[in-house]
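Report on the structure given below.
Now the structure itself:
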């Protein structure tokens, strides 16, 4: 019998329960995947706490990205076969040893990228891809600010943005995280616990401020993020690790320089299969080229997912974390 981590009630890490699980057999357009590595993301905590509603209610299996090997394919799936190495990200359901997945959400993992690396970078790397290449397409000479620069998305985004020719500024919450971000593409890193990040951005840019701010923190960095933008700059809120941004008067954007603001999600940007494939290809290419390095800084057994969640929310982790089924 396979195992999975299931949630029966919203709450803290303690609600994550290690249980027997029957993944079933793949139906039309599906594939059964034996998973070898699972990515840990802040998104997982949103579903656990109930901040994000689970599509099918409770109980639910958490987790949004994983890699593994195809065991069996269902009717209508002619481009995958047993033994293929695949990776994916979805809304929920990855915290399991085996799982049936919609085949059109799977991408083949190329040689040169391990299962662990694929699981570690699918959601985070694909997020960096759409932020940098589609939400606000970075051009050489653009100046950006990325909060949580030492987090999973932040470390990939910093390297990729530097490869694209950007001037990169990040924020982090400790001396160790500042140094980690500096080693991953950031020209300047601000310790937000010791420095006023708005004032530091003004000093770094000589008052010109940023073309774009990528903000996954939310409540604690708003509206300071807006104050880091030049007129007509873009505020990209793609997460809310400190809590949701409270309602605000839209005229604030006019007052601060006719700013643009967006709340994008990876699932919208990859809803079409062609966009998923294109984004994954770009991610795999930039990693295989050596321009972006994906380091796995923490590993936990899947059955210890509660400990992993506690460490993630306690800001005891850096960069990328994976769970091993």
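Residue numbers (my numbering): 518 to 842. The beta-carbon is built from N, C-alpha and C at its ideal position, and this holds for glycine as well.
Next on the checklist: If I measure Cβ to Cβ from residue 717 and keep anything under 6 Å in the same chain, skipping five residues before and after, which residues do I get?
Outcome noted: These residues qualify, in order along the chain: 707.
Next on the checklist: Given a cut-off of 8 Å on the beta-carbon distance, is the pair residue 655 and residue 683 in contact?
Outcome noted: For residue 655 and residue 683, yes; Cβs fall inside 8 Å.
Checklist entry - How long is the line joining the alpha carbons of residue 541 and residue 842, rounded to whole angstroms? => result Those two C-alpha atoms are separated by around 18 Å.
Checklist entry - Where does residue 525 land, buried or exposed, given buried means 16+ other C-beta within 10 angstroms? => result Flag for residue 525 reads exposed.
Checklist entry - Using the rule of at least 16 other Cβ atoms within 10 Å of the residue's Cβ for burial, across every protein chain shown, is residue 749 buried or exposed? => result Its Cβ having fewer than 16 others within 10 Å, residue 749 is exposed.
Checklist entry - Hey, quick one: how far does the beta strand (DSSP E) through residue 596 stretch, first residue to last? => result Unbroken run through residue 596: none, as it is neither H nor E.
Next on the checklist: Please determine whether the Cβ atom of residue 746 lies at a distance below 7 Å from any heavy atom of the ligand ADP.
Outcome noted: The ligand ADP is absent from the structure shown, which contains no ligands of any kind.
Item to check | The beta strand (DSSP E) enclosing residue 833, as first and last residue numbers | outcome: Residue 833 -> no beta strand (DSSP E), and no H or E assigned at all.
Item to check | Collapsed DSSP secondary structure at residue 533 in the structure displayed | outcome: It is a strand residue.
Checklist entry - To the nearest angstrom, how far is it from the Cα of residue 840 to the Cα of residue 811? => result Distance from the CA of residue 840 to the CA of residue 811, rounded to the nearest whole angstrom, comes to 16 Å.
Checklist entry - Across which residues does DSSP place residue 751 in a beta bridge pair? => result Looking at the DSSP assignment, residue 751 forms a beta bridge with 729 and 777.
Item to check | Option in 818, 826 and 727 with minimal Cα separation from residue 520 | outcome: Looking at the Cα atoms, 818 is the closest of the given residues.
Item to check | Top-ranked residue by Cα proximity to residue 678, from 696, 614 and 644 | outcome: Among 696, 614 and 644, the Cα nearest to that of residue 678 is on 644.
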